[in-house]
Structure formats: C-alpha cells, structure tokens
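Peer 1: Chains as they are written, first to last, in the working numbering: chain A, 57 to 174; chain B, 1159 to 1291.
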C-alpha cells in the first residue's frame, strides 16, 4: 500500500488515511524523500488527522523522515495529531523532538509560509 | 468471561490485526477513545516484540471482571528465546533493536496491571489488564 503524496506549488501535502503498518511507513519514507528530490520541494505538511494510533515504531519512522527531509533542506510540519494520540505518545515517553507541529492543515501551511518566506 | 480468538503474530500484518482486534474489543467493552488508543498502542508494542524477537507468538484478548470492575486482559505469549535481564528491558530507553526503547515500560504506563514472566529458551508471557473506569 502506498500513501499518496500531493504537490501544491512548492509544497508537498500528505494526508495519511490508512492504517499504518510497518511496510507502508517505510515505503512512505522512501517515496517522500524521492519526491522532495524530484520536485525540489522546500516544505512538506504531513497531516495525521485520520491516524488513531501511533506506536513507538511508527513514531520513530515519522521522526526519522522529518530529520531526513531536513537534511535534504526541506521543512516538515506535522498536523492534526489527535488528542488520544498525543496522550499515548507522551505517556509512553516518546518525544518527537524538534518536530514542527500545527493544529490543522491550514495552520501547517501558514507555518511553512512563515518559515520559508519570513 | 469471554475469550476472543487469539491473534497470531508471525508477520508484520499480525501486528496490525492484533491491534485492530484489540481496539474493536475495547470499544465493545465501553472504553473511551483515549483508552482505546492506549490499548491499541500497547498491543502494537507487545505484538512488535513478538514479531521482532521470536518465530511466533500470539496476542490473547479477554474481557475480565473483578468485583464491580470490568476490564480487558491482554496477554502476549511466545515461545521465543526468553528475556535474559527483565530489569534491562523494563528500563526507559533500553533497546536491542535500534528502536526508541519505549516498548515495555511504555506499555506498563499505558495499562493498569503488568506482569512479565520469562524463561531463557522457553519463551515469555506478558500479562496485562486495563480496567474500565
């Protein structure tokens, strides 16, 4: 299963709507980095509104893809993390350090615009 | 008391099936949204340990009642190599697989009761309960 990556101007938009199994998560990591390279994207929004569970492995994959994208010169904002997901992540002791977040897609795009255009 | 059929965790897909079965049962029992996420996440961590470290194992789900309390019991059972030092794996940040090391201590914090029994060469049984409040 592949997660669709949409292009919007110089940004890439991803809305994760599927149950994230390990394979899909790893495939997404590669797909996103390749897309950043192809399109020369400077900003990425990953919307997690529909994701109802993030375990430590998926959290690591997401944290890694943010770091990898940063290495390539692109900024990533995670949006729409559900209350239940935020609670379980913190209780488990998983911290997504140095990861930009925003309430929703709209604010995520605004955050990127501010970061990239000052 | 009702026992759900156990979910075999031989592949990555077993991890997804186990946590989906867990969330469904949690919903049926009446757990709220946040507890459903806690339960699904805990099952995912337990199932991933089975997938990573053993050839095969199962996640067993069961509705339990004690006095006026109702809850859900989650058992992770495998016949893998066993855990050499339980104290190590219960420590935050410890990982032998390159993960975040949040696994078992995280599971313990998400649920209410946590018991681990492991014998080298004979496998591991982790028995947990989440009570409905």
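Backbone N, C-alpha and C define an ideal beta-carbon position, used for all residues, glycine too.
(1) Note down the Cα distance separating residue 151 of chain A from residue 1194 of chain B, rounded to an integer number of angstroms.
(2) For residue 1170 of chain B, return the contacting residues in chain A, with the cut-off set at a CB-CB distance below 8 Å.
(3) Would the beta-carbon of residue 1288 of chain B fall within 8 Å of that of residue 1270 of chain B?
(4) Does the CB of residue 1287 of chain B have a neighbour CB from chain A at under 8 Å?
(5) Give me the residue from A:156, A:164 and A:141 with the minimum Cα distance to residue 1190 of chain B.
(6) Let's test the definition: count the other Cβ atoms within 10 Å of the Cβ of residue 160 of chain A and tell me whether it reaches 16, buried, or not, exposed.
(7) For residue 80 of chain A, list the residues DSSP reports as bridge partners.
(8) Counting only C-beta atoms, is residue 1207 of chain B closer than 8 Å to chain A at any point?
(9) Can you list the residues of chain A that residue 1203 of chain B reaches, using a CB-CB cut of under 9 Å?
(10) Identify, in the order they occur along the chain, each residue of the same chain with its Cβ nearer than 6 Å to the Cβ of residue 106 of chain A, setting aside the five sequence neighbours on each side.
Peer 2: According to the structure shown:
(1) Along the first chain, one-based indexing puts residue 151 of chain A at 95. Along the second chain, one-based indexing puts residue 1194 of chain B at 36. Whole-angstrom Cα-Cα distance: 21 Å.
(2) Translated into the one-based positions of the second chain, residue 1170 of chain B becomes position 12. Under the 8 Å cutoff, chain A gives 77, 78 and 79.
(3) As a working mapping, residue 1288 of chain B is identified with position 130 in the second chain. As a working mapping, residue 1270 of chain B is identified with position 112 in the second chain. Contact: yes.
(4) Here residue 1287 of chain B is taken as the residue at index 129 of the second chain, counted from 1. It does not: the Cβ of residue 1287 of chain B has no partner Cβ on chain A nearer than 8 Å.
(5) As a position in the second chain, residue 1190 of chain B is number 32, starting the count at 1. Residue A:141 is the option with its Cα nearest to residue 1190 of chain B.
(6) One-based indexing of the first chain puts residue 160 of chain A at position 104. Exposed is the call here.
(7) Start at 1 with the first residue of the first chain, and residue 80 of chain A comes out as number 24. Bridge partners of residue 80 of chain A: none, in fact.
(8) For the purposes of this step, residue 1207 of chain B is identified with residue 49 of the second chain, where counting begins at 1. By this cut-off, residue 1207 of chain B is not an interface position.
(9) Your numbering for residue 1203 of chain B matches position 45 in the second chain. Here the neighbours are 111, 112, 113 and 148.
(10) By 1-based counting over the first chain, the position of residue 106 of chain A is 50. Cβ neighbours of residue 106 of chain A beyond the five flanking positions: 73.
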